[in-house]
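What follows is a short report on a single structure.
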Amino acid sequence: MTSLLVGIFLFAACDADRDDNPVLDLSKTQDPIHLNTPTFAGGFYDLQNTDTIFFASTVPNYGFPATVTYALQVSIDEDMSNPTRLTTTYSKNGMQVASREVAIGVTKQMMDKKGLKQEDFPVELPIYMRVHAYIDGVEGSETYSNIVKFNKVKTGFALPDVEMPEQLFVMGDFTENDWEKAVPTIPVNGTTSIHWRIAWINGNGVMTSPVMGPANWSDDYITVTYKSKTAGFKIDDNGKITADNEGWYLMVIESKCDNDKRTMELTFSFDKAEVWLIGTSIVNPEAIGKDGTIGIYGKDDAEKGIVANCWKEKDLRENFTDYVKFETPTTMNGEFVSPPLTSAVDGDGGTRAYVKVKTYDWWKSEFFVFEKKIVYRGNGGDQERVNGYVDQRVRLKFSDDTGELKK
Numbered sequence: 028m029t030s031l032l033v034g035i036f037l038f039a040a041c042d043a044d045r046d047d048n049p050v051l052d053l054s055k056t057q058d059p060i061h062l063n064t065p066t067f068a069g070g071f072y073d074l075q076n077t078d079t080i081f082f083a084s085t086v087p088n089y090g091f092p093a094t095v096t097y098a099l100q101v102s103i104d105e106d107m108s109n110p111t112r113l114t115t116t117y118s119k120n121g122m123q124v125a126s127r128e129v130a131i132g133v134t135k136q137m138m139d140k141k142g143l144k145q146e147d148f149p150v151e152l153p154i155y156m157r158v159h160a161y162i163d164g165v166e167g168s169e170t171y172s173n174i175v176k177f178n179k180v181k182t183g184f185a186l187p188d189v190e191m192p193e194q195l196f197v198m199g200d201f202t203e204n205d206w207e208k209a210v211p212t213i214p215v216n217g218t219t220s221i222h223w224r225i226a227w228i229n230g231n232g233v234m235t236s237p238v239m240g241p242a243n244w245s246d247d248y249i250t251v252t253y254k255s256k257t258a259g260f261k262i263d264d265n266g267k268i269t270a271d272n273e274g275w276y277l278m279v280i281e282s283k284c285d286n287d288k289r290t291m292e293l294t295f296s297f298d299k300a301e302v303w304l305i306g307t308s309i310v311n312p313e314a315i316g317k318d319g320t321i322g323i324y325g326k327d328d329a330e331k332g333i334v335a336n337c338w339k340e341k342d343l344r345e346n347f348t349d350y351v352k353f354e355t356p357t358t359m360n361g362e363f364v365s366p367p368l369t370s371a372v373d374g375d376g377g378t379r380a381y382v383k384v385k386t387y388d389w390w391k392s393e394f395f396v397f398e399k400k401i402v403y404r405g406n407g408g409d410q411e412r413v414n415g416y417v418d419q420r421v422r423l424k425f426s427d428d429t430g431e432l433k434k
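Counting in this note's numbering, the sequence shown runs from 28 upward without gaps.
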């Protein structure tokens, strides 16, 4: 009986003190955090000849350990009015901040508030900085630090380089016109200036942006122009793309940047959305090609004098189309479905898929499904292999980049 009572008491105590389901009280403003004054803040900082500045602050008190995001803000005004947020965010309250980021922030402040031009730099002035901390995605969790003054800072003209972002985000009817559900473009492997994306385009149009929200090119003083190379598609001055005939399309974006003029030209071309299988999962000795060729053979058969054509993308697309081409859906919410696999693969060959972008080899625009999510190779290395079995089909949804491999 004593043991039972002790057990009940411990259970009740654990239940009362549980911290695995913490409750965040957002009914009041979060307490401020304290930002330490960096070394030499009272002296002179030459941002062109300083690599980094170390900032340290206290941790917000949310009542439980939380994953906090920290961001730095800079202003040329003592009251921190209309500050510029630096690009990099931090997961710890000790932050090694690149001086160039501070210089970019100060440059934007001087251009916005004082009307300075490139020829007016370098400048020397006091600046003011603080930390903005929050739990990502939780409205009302934000808090700010005290303001730290840097007495004298020198900076040359500094703005981010004009270059194609690592990805653009695409939003339209197929993503419920919600930027939070926007899907990324993918760079062609080995390039930074050419991206591709499969998207549903209609008369309502789709938009592209370097952020998951309306395009903010002007924040970095970049002037962007848009062009379409394909008949039946229009792009307005704001980058809205419309199609005369709705459907799924392969969209290819090529960028041309001029850092001196701070301009970027984005040229779009469009083609039918076609997805293809390749590799040892399609080996089929009974396949009949359009030219009468019999058999799609793999590497092992090459030693026997038989052509190893399971990697010959052009021949497969043109001659064995029915064995390698996905069915393209005719509806916005439809799936791309592959033909059934005709050979089991285990190990190096893998089950592999791609889209054909211009004249680039298939592996420069390949992708596959990992844990029901489409993962694009982009500029990454060779992807992991996915085993496949006879009669399985690959199913893909490009509206949310999900998919699966199953019968």
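Cβ atoms here follow ideal geometry from the backbone N, Cα and C, with glycine treated the same way.
Just so you know, these numbers come straight off a predicted model, no measurement behind them.
For residue i, the first and last residue of its enclosing alpha helix (DSSP H)
i	result
Arg127	Ser126 to Lys141
Glu144	The residue you asked about is not Glu; residue 144 is Lys in the sequence shown. Careful: Lys144 lies outside any alpha helix (DSSP H) and carries neither H nor E.
Thr429	Element bounds for Thr429: not the alpha helix (DSSP H) but the beta strand (DSSP E), Thr429 to Lys433.
Val351	Thr348 to Val351
Residue i, enclosing beta strand (DSSP E) - first and last residue
i	result
Arg420	Arg420 to Lys424
Glu281	Gly274 to Asp285
Asp73	Phe71 to Asp73
Val455	For residue 455 there is no data in the structure shown, the boundaries of the chain being 28 and 434.
Ile305	Trp303 to Ile305
Tyr387	Tyr387 -> no beta strand (DSSP E), and no H or E assigned at all.
Tyr403	Lys400 to Tyr403
Val372	First-last for Val372: undefined, no H or E at that position.
Tyr189	Here the sequence assigns Val to residue 189, which means Tyr is not the residue at that position. Segment: none, Val189 is in no beta strand (DSSP E) and carries neither H nor E.
Met198	Phe196 to Met198
Local Cβ density within 10 Å of residue i, reported as buried at 16 or more and exposed below that
i	result
Ile321	exposed
Leu37	Because Leu37 sits at a pLDDT of 35, beneath the cut-off of 50, its placement in the model cannot be relied upon, and the following sentence gives the value as read from the coordinates. Burial call: exposed.
Pro312	exposed
Leu368	buried
Gln123	exposed
Lys135	buried
Arg379	buried
Val216	Sequence inspection shows Asn at residue 216; the Val mentioned does not correspond to that position. It counts as buried.
Leu53	exposed
Ile35	Bear in mind that the predicted position of Ile35 carries a pLDDT of just 36, short of 50, making it unreliable; the figure below should be weighed with that in mind. Exposed, because fewer than 16 other Cβ atoms sit within 10 Å of the Cβ of Ile35.
Pro149	exposed
Arg404	buried
Gln57	buried
Ala258	exposed
Val33	Caution applies to Val33, whose pLDDT of 38 falls short of 50 and renders its modelled position unreliable; the value that the coordinates give is listed next. Answer is exposed; the Cβ neighbour count stays below 16.
Gly376	buried
Gly415	buried
Phe363	buried
Gln145	exposed
Ala40	In this predicted model, Ala40 has a pLDDT of only 37, less than 50, meaning its place in the structure is not dependable; the value taken from the coordinates is given anyway. Counting Cβ neighbours within 10 Å, Ala40 comes out exposed, since fewer than 16 surround it.
Met239	exposed
Ser108	exposed
Leu153	The displayed chain sequence assigns Pro, not Leu, to residue 153. So Pro153 counts as exposed.
Lys391	buried
Ser426	buried
Lys383	buried
Val133	buried
Residue i - partner residues in DSSP beta bridges
i	result
Gly121	Ala83
Val150	Thr182
Ile103	Note: Ile103 sits in no beta bridge, so no partner.
Asn311	Ile323
Lys176	Tyr155
Phe295	Ser255 and Ile280
Glu393	Tyr381
Ala160	Tyr97 and Thr170
Thr111	Val101
Val165	None; Val165 has no bridge partner.
Thr56	Looking at the DSSP assignment, Thr56 forms no beta bridge with any residue, so it has no partner.
Thr290	Thr250 and Asp285
Thr116	Ala98
Under 7 Å between C-beta atoms of residue i and residue j
i	j	result
Tyr155	Glu105	yes
Arg422	Glu431	yes
Phe394	Val413	no
Ser172	Ile80	no
Ala130	Leu74	yes
Asp271	Asn231	no
Lys341	Ala335	no
Phe295	Gly316	no
Lys434	Asp418	yes
Arg289	Tyr253	no
Gly306	Cys337	yes
Ala226	Val251	no
Gly121	Ala160	no
Asp163	Thr96	yes
Ala98	Thr116	yes
Asn406	Pro214	yes
Asp188	Asn286	yes
Could you give the uninterrupted runs of the beta strand (DSSP E) lying entirely in the region 210 to 284, keeping only those of 3 residues or more? 221 to 228, 234 to 236, 250 to 255, 260 to 262 and 268 to 270
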